[in-house]
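Asks:
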Amino acid sequence: MIKLRLKRFGKKREVSYRIVVINSAARRDGRPLEEVGFYNPRTDETRLDVPAITRRLEQGAEPTKTVRHILEKANLLERHKVEAKVEAKAEA
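Convert by adding 47 to the 1-based position in the sequence shown; the result is the number in the numbering used here.
(1) Measuring alpha carbon to alpha carbon, tell me which of K59, Y64, F56 ends up nearest T113.
(2) Considering only residues of the same chain and omitting the five flanking positions on each side of L124, which have a CB-CB separation below 6 Å?
(3) Quick one: measure Cβ to Cβ for R55 and R75, integer angstroms, because I've assumed they're closer than 8 Å.
(4) What residue does the beta strand (DSSP E) around R103 start on, and which one ends it?
(5) Under a three-way DSSP split, which group does R115 fall into?
(6) In this structure, how does DSSP classify L53 when only helix, strand and coil are distinguished?
(7) Decide if V67 is buried, meaning its Cβ has at least 16 other Cβ atoms within 10 Å, or exposed.
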């Protein structure tokens, strides 16, 4: 299963995270399939590659709880759900 999750990096006590697409069986800091964003909890800075995240969500990637919260704050997850519902209604 493919997951969207946080990969820790930075100095001790000055941590930041990369939002990565990775196999769920891989280690937290293992080699990702793709890096799709950045999150710094100390300054609350977030950078997201919206087309890449949307593509991975459509392919069935599952975000972790923390990444889901970050995507909801950016209104990205809600947008993806609405688009999926519209497509499902159009097919029916």
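Each residue gets a CB set at the ideal place from its N, CA and C atoms; glycine is no exception.
Predicted model only: the values in this text are computed from it and were never measured.
Replies: Once the coordinates are examined:
(1) From the listed residues K59, Y64, F56, the smallest Cα separation to T113 is found for Y64.
(2) In chain order, L118 place their CB closer than 6 Å to the CB of L124, counting only its own chain and leaving out the 5 sequence neighbours on each side.
(3) The Cβ separation is near 7 Å, so the contact holds.
(4) For R103, there is no enclosing beta strand (DSSP E); the residue is found in the alpha helix (DSSP H) stretching over 97-105.
(5) In this structure, R115 counts as helix in the three-state DSSP scheme.
(6) Reduced to three states, the DSSP call for L53 is strand.
(7) So V67 ends up on the buried side.
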